[in-house]
Amino acid sequence: MRECKILHSLIIRTCVVLVVFLMNGANADNPSRFYTWKITYGDIYPLGVKQQGILINGQFPGPHIDCVTNDNLIISVYNYLNEPFLISWNGIQHRKNSWQDGVQGTTCPIPPGKNFTYILQAKDQIGSYFYFPSLGLHKAAGGFGSIKIYSRPQIPVPFPPPAGDFTILAGDWFKTSHQQLRYILDSGHSLPFPDGLHINGRGWNGYTFTVEQGETYRFRISNVGIATSINFRIQGHSMKLVEVEGSHTLQNYYTSLDIHLGQSYSVLVTANQPAKDYYVVVSSRFTSRVLTTTAVLHYKNSFIRVSGPPPGGPTIDIVSSLGQARSIRWNLTASAPRPNPQGSYHYGMINPSRTIILANSAPYINGKLRYAVNSVSYVPGDTPLKLADYFKIGGVFNPWSIPDKPYYGNAYFATSVMNADYRAFIEIVFQNWENTVQSWHIDGFNFFVVGMDGGQWTPASRSKYNLRDTVSRCTTQVYPRSWTAIYMALDNVGMWNIRSENWERQYLGQQFYLRVYTPSNSLRDEYPIPKNALLCGRASGRHTRPH
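Quick note, the sequence shown lines up with residues -28 to -1, 1 to 519 if you use mature numbering (1 follows the signal peptide of the UniProt record, and there is no 0).
Set out below in structure tokens:
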């Protein structure tokens, strides 16, 4: 009898998910992958001491998502925490569908004891990404995992199939709980220096990658930390870069790679060294005190363990990192998600219709530390902005509440939203006058990193732009007292988060939302509100029907 009840419950749950899937307009012509995730607290030991972490199905890091271009992903998330929870998808563009973005400005959090089913499509994408919890400081407790989007079988990939495909989720870590870290920030103070680094949730030599001599392996490396850039290297081995956040790159060799907060890289590594064990090393970059952790590259026929110190890497030096960043180029002849070569999109021949300059700062407002963009420090509205926009709820945000250019007066609070026109092609300049490396991410889009250099950006800086083969990605760094310029096609209607990937800065206001708008209500431009959308704030009690 008990087995029958369990079977009956599973059948009902499956039917409900299928109905939601169909009603939300998911593309039934492409394969669908179904996931059920249970979010719980649990004991983890990333730095060798027991901490309370956030687990997904009992795992830290969470389960891998493996899919193919255009696959539908139906992910039912059950929140068993004692606080609201949200998951966002770093790099999945949600074509026409910011409803599924999973950030506070677009989506209501999942209340404790409740669930929500995300319906995503890896539309016209390939590459290496990750998901993460987007509320508060949850990311400092776990809840993240990898996303791999493989090319469709008929699309050529510009390298032979590797013998294995490894994931590395690495970053800084704090022994302090995420609740205490949040309290520190709410009190108007900066976070302490991280206590260490982890690789796939484990500390020194806590993780092993086993390889066969002579074979080539793909390593997908993501910086899932909240505070520091990292440098990645494998003792005695060179790395051939092949992909960055959905772009096939020129296949240059590197002995180490700088990976800034929120960024993802794919490299090929050939096991062509004498059969023994080697260090896989991650160290902090641009920090006065260098943090280091290791994993092990184990040759299957090896009986010699790693010993001695791991190989050192770059530390404070910015010039070498800038040179490396400029060396990462688009592979113009390779296909990505579609059969046409990447280089058939001539971004450098399009004249931007608008230039936006974004300057970050660290002001004190009402005696407390805050961070700002163009002197505006973001504060969340009482209703997700996307819902307020859809239901035409006034007073939640003003679509002109952050200027296009730096404002050098006193910093102030606002639920900052910038209006933009659908199908416009824009230039964004990130201007950084602080002494720290910045890392910026834009949800819903990839963009072309056309230039970066030191000092003040001016229109004359455009003479240094790479208008032929710069890489397309979704997260970029800005070096201290420097600028980075990007080109971006606004081909995705919705309310999209632009944020610092440094979680202290993002939490204390260094973010805003870009409202990419069209008066059209056509399904060709944007999907309708999901039938299963959670409604909160001033949208509570309304119906998810067309307005």
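Glycine included, every Cβ here is placed at the ideal spot set by N, Cα and C.
- For residue 363, no beta strand (DSSP E) segment is defined; the enclosing uninterrupted segment is the alpha helix (DSSP H) at 357 to 363.
- Take the alpha-carbon of residue 475 and the one of residue 4: they are about 33 Å apart.
- By a beta-carbon distance limit of 8 Å, residue 239 contacts residue 214. Their separation comes to about 7 Å.
- Within 10 angstroms of the beta-carbon of residue 249 lie 16 or more other beta-carbons, which makes it buried.
- Note on residue 473: 16 or more other CB atoms within 10 angstroms of its CB, so buried under the neighbour-count rule.
- Between residue 421 and the set 262, 10, 434 and 228, the nearest pair of CA atoms involves 434.
- One alpha carbon belongs to residue 77, the other to residue 368, and they sit about 11 Å apart.
- Residue pairing by DSSP places residue 408 opposite no residue, since no beta bridge is assigned to it.
- In the pairwise beta carbon analysis, the stretch 254 to 272 is classified as touching the stretch 285 to 300: at least three pairs are separated by under 8 Å.
- Residues 385, 386, 387 and 481 of the same chain have their beta carbon placed closer than 8 Å to that of residue 351, with the five preceding and five following residues left out of the count.
- Judged by DSSP secondary structure, residue 351 falls outside any beta strand (DSSP E); it is assigned neither H nor E.
- The beta carbon of residue 242 lies closer than 6 Å to those of 188 in the same chain, with the five residues before and after it left out.
- If the five residues before and after residue 156 are omitted, its C-beta is found closer than 7 Å to the C-beta atoms of 163, all from its own chain and listed in chain order.
- Between the alpha carbons of residue 341 and residue 252 lies a distance of about 37 Å.
- The Cβ-Cβ distance between residue 48 and residue 9 falls below 8 Å.
- Of the candidates 276, 229 and 234, 276 places its Cα closest to the Cα of residue 246.
- Out of 471, 64, 158 and 191, the CA that lies nearest to the CA of residue 210 is found in 191.
- Within the model, the alpha-carbon separation for residue 141 versus residue 135 is close to 20 Å.
- One thing to note: residue 201 has its Cβ no nearer than 8 Å to the Cβ of residue 171.
- Counting of Cβ neighbours within 10 angstroms places residue 428 among the exposed residues, the total staying below 16.
- Taking the Cα positions, residue 413 is about 28 Å away from residue 511.
- Excluding sequence positions up to five before and after residue 139, its CB lies within less than 7 Å of the CB of 36, 118 and 192, all in the same chain and listed in chain order.
- Here DSSP, grouped into helix, strand and coil, assigns residue 132 to coil.
- Residue 19 is positioned such that its CB atom lies no closer than 8 Å to that of residue 120.
- In its chain, beyond the 5 residues on either side, 307 have a beta carbon closer than 7 Å to the beta carbon of residue 128.
- For residue 291, there is no enclosing beta strand (DSSP E); the residue is part of the alpha helix (DSSP H) that begins and ends at 291 to 299.
- Put simply, the backbone Cα of residue 293 is about 17 Å away from that of residue 445.
- For residue 50, the uninterrupted beta strand (DSSP E) segment begins and ends at 44 to 51.
- Annotation: the stretch 112 to 194 contains the following complete segments of the beta strand (DSSP E) (minimum length 3 residues), in chain order: 117 to 122, 136 to 145, 168 to 171 and 180 to 183.
- Residue 93 sits away from residue 62, with the two beta carbons spaced by 8 Å or more.
- The alpha-carbon separation between residue 337 and residue 426 amounts to approximately 29 Å.
- Going by DSSP, residue 475 is part of the alpha helix (DSSP H) stretching over 475 to 479.
- Counting only residues of its own chain and dropping the five nearest sequence neighbours on each side, residue 310 has a CB closer than 8 Å to the CB of 96 and 127.
- Contact holds between the stretch 167 to 187 and the stretch 268 to 283, because three or more Cβ pairs, one in each stretch, are under 8 Å apart.
- The beta carbon of residue 328 is closer than 6 Å to those of 376 and 400 in its chain, skipping five residues each way along the sequence.
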